[in-house]
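What follows is a set of notes on a single structure, which appears directly below.
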Amino acid sequence: MDKKDEQFVRDFEVLGCYHDNFRVVIVHLYDPFLGDDDVTAFLLRHVSVIGQPERILDSRNVWAGKRKYRVKLRSDARGAGGFHHPPASFSLGASRAYLYYQNQPKFCRRCRGFGHQAAECRGNECVVCGAFGHVARECRKKVCTLCETEGHLFKNC
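This note's numbering numbers the first residue of the sequence shown as 4 and each following residue consecutively.
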C-alpha cells in the first residue's frame, strides 16, 4: 500500500458486521392459551425483544407451541460471555416453558444459576423466594411468576 492509499484508509473506521449480543430465541410453551404478550413480558425482564414473535409451524402447518423471538442480550460483566442470559426454563402460572438459542450457557433448573446443571448443583436456595433451607415445591410464599412480586399469583397479575 502506498502513501496515497494509507491517507485514504486512515479516515475510515472498521466495524464488524457481526453483533455478538443478538440472538434468535426459540420459546417452547405447552399451553396454547397463554398469549404472546405474557411470554414477551417475561422475556423483557431479561433481554430486549426486537419486533414481534413468530409462531413456528410444523410440516402440516400446525402450531405446536413454539415461538421465535429476535432479542438483544443485555451487557453484564458477571454473566457468561459478558451478557445477562434469560433462564432456559421458566413458569408462567402453571404453564412451563423452555427456551433455547445459539451459544446458550449451561443452566441449572434447581438453583436457576448458570455454568452448571441440576445434577451438579450444590445450592439449597429456594428459586421462588430466595430463602435457604427449602426447595421451590415446599415454598409457601405467593410470588407472581410474571412480575416477580410477592402477594399475588400469575392469574391475578
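The beta carbon of each residue, even a glycine, is placed where N, CA and C say it ideally should be.
Quiz prompt | Sequence-distant residues of the same chain with beta carbon closer than 8 Å to PRO56, five excluded per side | solution = VAL30, ASP39, VAL42, THR43, ARG70, LYS71 and TYR72
Quiz item: Is the region 84 to 96 in contact with the region 45 to 60, if contact means three or more CB pairs nearer than 8 Å?
Solution: yes
Self-check item: Given PRO108 as reference, the closest of ALA139, GLY84, VAL74 and PHE135 once Cα atoms are compared
Solution: GLY84
Quiz item: What do you reckon, are the CB atoms on VAL74 and ILE59 nearer than 8 Å?
Solution: no
Quiz item: Thinking C-alpha only, which one of ALA122, PHE135 and GLY82 is nearest VAL50?
Solution: GLY82
Quiz item: Does DSSP put GLY50 in a helix, a strand or coil?
Solution: Per the sequence presented here, residue 50 reads as Val, with Gly not at that position. Note: VAL50 maps to strand in three-state DSSP.
Quiz item: If you check the beta carbons only, do ARG113 and ALA121 fall under 8 Å apart?
Solution: yes
Quiz prompt | Close beta carbons around CYS111, own chain, < 6 Å, minus the five adjacent residues each side | solution = HIS119, GLN120, ALA121 and CYS124
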